[in-house]
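To keep things clear, I will list the structure first and then write my remarks on it.
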Amino acid sequence: ATPTSIMVGTGRAAQLGILFRQGQALQALKDVKVIAVDKTGTLTEGQPQLTDFVVTATQHDASVLALVAAVEQQSEHPIAQAIVQDAEQRGLSIPSIAEFQSITGMGVQAKVEGQLVQIGADRFMDSLGISTAQFTEQAQQLGEQGKSPMYAAIDGQLAVMMAVSDPIKSSSKAAIDHLHKQGLKVAMITGDNRHTAEAIAKQLGIDHVVAQVLPEAKVEAVQQLQQQYGQVAYVGDGINDAPALAAADVGIAIGTGTDIAMDAADVVLMSGHLTGVINALALSKATLRNIS
Ligand code: ADP
Ligand code: MG
Numbered sequence: 470a471t472p473t474s475i476m477v478g479t480g481r482a483a484q485l486g487i488l489f490r491q492g493q494a495l496q497a498l499k500d501v502k503v504i505a506v507d508k509t510g511t512l513t514e515g516q517p518q519l520t521d522f523v524v525t526a527t528q529h530d531a532s533v534l535a536l537v538a539a540v541e542q543q544s545e546h547p548i549a550q551a552i553v554q555d556a557e558q559r560g561l562s563i564p565s566i567a568e569f570q571s572i573t574g575m576g577v578q579a580k581v582e583g584q585l586v587q588i589g590a591d592r593f594m595d596s597l598g599i600s601t602a603q604f605t606e607q608a609q610q611l612g613e614q615g616k617s618p619m620y621a622a623i624d625g626q627l628a629v630m631m632a633v634s635d636p637i638k639s640s641s642k643a644a645i646d647h648l649h650k651q652g653l654k655v656a657m658i659t660g661d662n663r664h665t666a667e668a669i670a671k672q673l674g675i676d677h678v679v680a681q682v683l684p685e686a687k688v689e690a691v692q693q694l695q696q697q698y699g700q701v702a703y704v705g706d707g708i709n710d711a712p713a714l715a716a717a718d719v720g721i722a723i724g725t726g727t728d729i730a731m732d733a734a735d736v737v738l739m740s741g742h743l744t745g746v747i748n749a750l751a752l753s754k755a756t757l758r759n760i761s
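Taking full-length UniProt numbering, I'd label the letters of the sequence shown as residues 470 to 761.
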């Protein structure tokens with residue numbers, strides 16, 4: 470491609486709200502075989518609601534929620550916002566905390582009123598040696614409904630199983646259908662629960678699901694897709710997507726996401742919808758057709 474045609478193409482893209490941070494990406498896009506997509510905030514709205522809160526026999530409902538919300542107030546994860554919002558709507562007074570820690574891909578913890586409160590995925594509880602067996606069936610059912618189950622423990626004792634629900638963006642299904650019509654494969658890569666990921670993938674007709682992965686493992690998942698199918702574009706919005714955005718042949722960040730994701734990407738979509746990927750692909754093909 471000539472520098473001029475690339476300039477024209479990237480200029481046209483900018484009018485459509487697609488920022489090519491690398492002119493090269495315009496060329497690379499047309500050879501992509503798989504679109505790999507992060508779930509939370511990319512396929513879904515990224516604004517989950519707390520839907521379930523099931524305390525163990527030894528706990529009192531309201532007090533547990535206040536403790537959990539106190540820790541989550543320090544977290545930037547969308548799950549955290551759902552929990553804090555719910556506690557506030559119930560008019561709970563949220564205690565102050567100390568020694569907050571965020572464990573990437575696992576969960577968060579802090580001291581609240583002298584108690585250690587640990588919140589996160591089942592693998593976080595596993596890593597702490599806290600059994601979640603009493604909720605296995607219930608959590609699986611919630612996952613099959615597309616909800617994300619997680620847990621909180623107080624001083625090393627399991628206290629609650631909860632779930633959040635994050636609606637799928639109305640534009641996601643049509644965008645995926647369109648990508649399929651162009652002969653592309655669509656993969657989902659997520660840190661979320663396997664049952665939840667599969668339920669959402671099924672609703673959207675996604676071909677390939679990689680779930681329960683830590684951010685570094687998102688890179689391995691991208692590399693595996695490259696081996697299996699060829700060139701990969703990765704679409705994501707979060708801090709935890711930055712390594713995968715950098716590892717993909719084309720990294721595409723959702724402009725409504727975090728700055729770290731945008732810095733790691735070759736392309737930024739201002740719209741916040743997967744529809745932008747389709748426009749970017751079309752532009753890539755049109756630009757390279759004009760010059761060949
Ligand atoms: P993703 O954004 O793809 O779901 P993350 O790596 O951000 O992946 O999180 C993976 C999982 O870790 C979440 O699905 C959740 O179970 C747990 N987790 C992470 N942060 C929190 C938090 N602040 N509160 C509760 N759970 C969390
Ligand atoms: Mg995300």
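Beta carbons: idealized from backbone N, C-alpha and C, even for Gly.
All values derive from a computational prediction rather than experimental measurement.
Expected contact under 8 Å - CB spacing of residue i and residue j to nearest Å
i: Gln609; j: His664; result: 5 Å
i: Val704; j: Leu743; result: 7 Å
i: Ile563; j: Ala535; result: 6 Å
i: Val533; j: Ala668; result: About 27 Å separates the two Cβ atoms, so there is no contact after all.
Contacts around residue i, its chain only, beta-carbon distance under 6 Å, and the 5 residues preceding and following it disregarded
i: Ala497; result: Asp718 and Val719
i: Thr513; result: Asp635 and Ile637
i: Ser565; result: none
i: Lys687; result: Ile658 and Ala713
Rounded separation between residue i and residue j - CA only
i: Ala579; j: Leu597; result: 14 Å
i: Ile721; j: Ser639; result: 20 Å
i: Gly615; j: Met476; result: 43 Å
i: Ala505; j: Ala711; result: 13 Å
i: Met630; j: Thr479; result: 48 Å
i: Gly576; j: Gly741; result: 26 Å
i: Gly745; j: Gly726; result: 14 Å
i: Thr756; j: Thr471; result: 10 Å
i: Gln651; j: Gln542; result: 43 Å
i: Thr473; j: Val737; result: 21 Å
i: Gly699; j: Gln681; result: 23 Å
i: Gly594; j: Ala622; result: Looking at the sequence shown, residue 594 is not Gly but Met. Cα-Cα distance, rounded: 8 Å.
Residue range of the unbroken beta strand (DSSP E) whose run includes residue i
i: Ser634; result: Gln626 to Ser634
i: Gly720; result: Val719 to Ile723
i: Met619; result: Ser617 to Ile623
i: Gly705; result: Val701 to Gly705
i: Asp676; result: That residue, Asp676, is in no beta strand (DSSP E); it is neither H nor E in DSSP.
Continuous alpha helix (DSSP H) stretch holding residue i: start and end
i: Gly480; result: Pro472 to Gln484
i: Val688; result: Pro684 to Tyr698
i: His649; result: Ser641 to Lys650
i: Glu613; result: Thr605 to Glu613
i: Ala711; result: Ala711 to Ala716
i: Ile552; result: Pro547 to Gln558
i: Thr665; result: Arg663 to Leu673
i: Ala505; result: Unbroken run through Ala505 is the beta strand (DSSP E), Val503 to Asp507; no alpha helix (DSSP H).
i: Asp732; result: Asp728 to Ala733
Spatial neighbours of residue i in its chain, beta-carbon cut-off 8 Å, leaving aside the 5 residues before and after
i: Asp624; result: Gln584 and Leu585
i: Asp591; result: Thr601, Ala608, Pro618, Met619, Tyr620 and Asn662
i: Ala730; result: Gly705, Asp706, Gly707, Ile708, Asp710, Ala711, Leu714, Ala722 and Ile723
i: Leu561; result: Ala531, Leu534, Ala535 and Ala538
Beta-carbon proximity list for residue i, same chain, < 7 Å, skipping 5 on both sides
i: Ser641; result: Leu512, Leu673 and Leu743
i: Lys499; result: Ser753, Lys754 and Leu757
Cβ pair count under 8 Å reaching 3, the stretch 482 to 495 against the stretch 578 to 585 = no
How do the stretch 672 to 680 and the stretch 514 to 531 stand: do at least 3 beta-carbon pairs fall below 8 Å, yes or no?
-> no
Looking at C-beta atoms only, is the number of pairs between the stretch 555 to 565 and the stretch 644 to 662 that lie closer than 8 Å three or more?
-> no
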